[in-house]
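Only one structure is covered here, and it is reproduced in the block below.
Numbering (our numbering), first residue to last: 1 to 251.
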C-alpha cells in the first residue's frame with residue numbers, strides 16, 4: 001500500500017551498539033535477511049518439515065526463500081536435513097499422511113552449508129494436526145539459549161544474522177509482539193556474551209512490511225539496545241537456562 005511504499009522510500013534504519021567491555025556488536029536493521037553477509041538463523045518446526053505449500057511452509061518464509069535459493073526442490077533440503085538428523089534420536093513421532101514422522105526437541109539445531117550460503121536451522125515451533133505452527137514465549141527464550149550455546153561450542157562464525165525469531169509462527173503465548181521478541185533476543189545474546197565471547201556480531205533484521213504493519217517502535221528498540229549494551233557486562237544475571245534441545249555438529 002501507500003504506507004509501505006513510503007517506508008521503502010525512506011533511508012534504511014540501522015542501530016548498532018557495542019557491548020561495553022567486549023568486542024561484540026549488536027545491530028538492529030530493517031531490510032532483507034538474505035542481503036546481510038553472515039550465518040543466517042532460520043526458525044523451523046520440530047519435525048523439520050520442508051514441504052512448501054500455502055498451508056505449511058510458505059514460499060515467502062525464510063525457510064521457503066532459502067530453499068528456492070539453494071535447492072531444486074524442497075525434497076532436496078529434506079534429504080539433507082534427514083541425513084544430519086540421523087545423528088541423534090528423536091524425542092517421539094507424529095502421524096502425518098499415514099506415516100510416522102520423527103519429532104525432535106525444541107532447540108535442536110542443524111547447520112546447513114550449501115553453495116555460498118550458511119544457515120542454522122533451529123526447531124522452535126510445533127505443528128498441530130492442521131499444520132499450524134505454535135510456540136510459547138518461554139520456548140523462544142529456551143531456544144535462544146540453545147542457539148548461543150551451539151555457536152559457542154560447535155560453530156565458528158563472526159556474524160549471526162537473525163530475523164525476529166518465532167514471530168512467523170503465529171500463536172505465541174503470553175502476548176509477545178515483535179518488539180518484545182527483539183528485546184529478548186538482545187538481552188539473551190548480551191547475557192550469553194558476558195559469560196563467553198563466541199562471535200563478533202549479531203544482526204537482528206526486521207522486514208519493512210512488519211515494521212509498518214505491526215507499528216514497531218524502532219526508536220524504543222534502539223534505546224533498549226543502547227541500555228543493554230551499556231550494562232550487560234555489569235549484570236550478575238546470566239542465560240544459564242537448562243538446555244532443552246539438542247545441537248548437531250557442523251558439516
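Every residue gets a Cβ at the ideal spot worked out from N, C-alpha and C, and that includes glycine.
Residue 16 has its alpha-carbon roughly 39 Å from the corresponding atom of residue 86.
In this structure, the CA atom of residue 24 is about 10 Å from the CA atom of residue 189. The DSSP-derived three-state label of residue 120 is strand. 132 is the residue among 32, 132 and 107 whose C-alpha sits nearest the C-alpha of residue 55. In this chain, the alpha helix (DSSP H) harbouring residue 219 covers 218-231. When rounded, the separation of the alpha-carbon atoms in residue 108 and residue 118 is 17 Å.
Per DSSP, residue 43 lies in no alpha helix (DSSP H) segment; the continuous beta strand (DSSP E) that holds it begins and ends at 39-44. Looking at the backbone, the Cα of residue 192 and that of residue 149 are separated by about 8 Å. Along the length of the stretch 83-161, whole alpha helix (DSSP H) runs at least 4 residues long occupy 137-154, reported in chain order.
For residue 184 and residue 225, the gap between their C-alpha atoms comes out near 11 Å. A contact is defined here as three or more CB-CB pairs under 8 Å, and the stretch 199-208 meets this definition with respect to the stretch 157-164. Cβ neighbours of residue 101 within its own chain (closer than 8 Å, five residues either side excluded): 47, 49, 93, 94 and 95. Shown here, residue 181 sits in a helix according to DSSP, grouped into three states. For the 8 Å CB-CB criterion, residue 181 and residue 140 form a contact.
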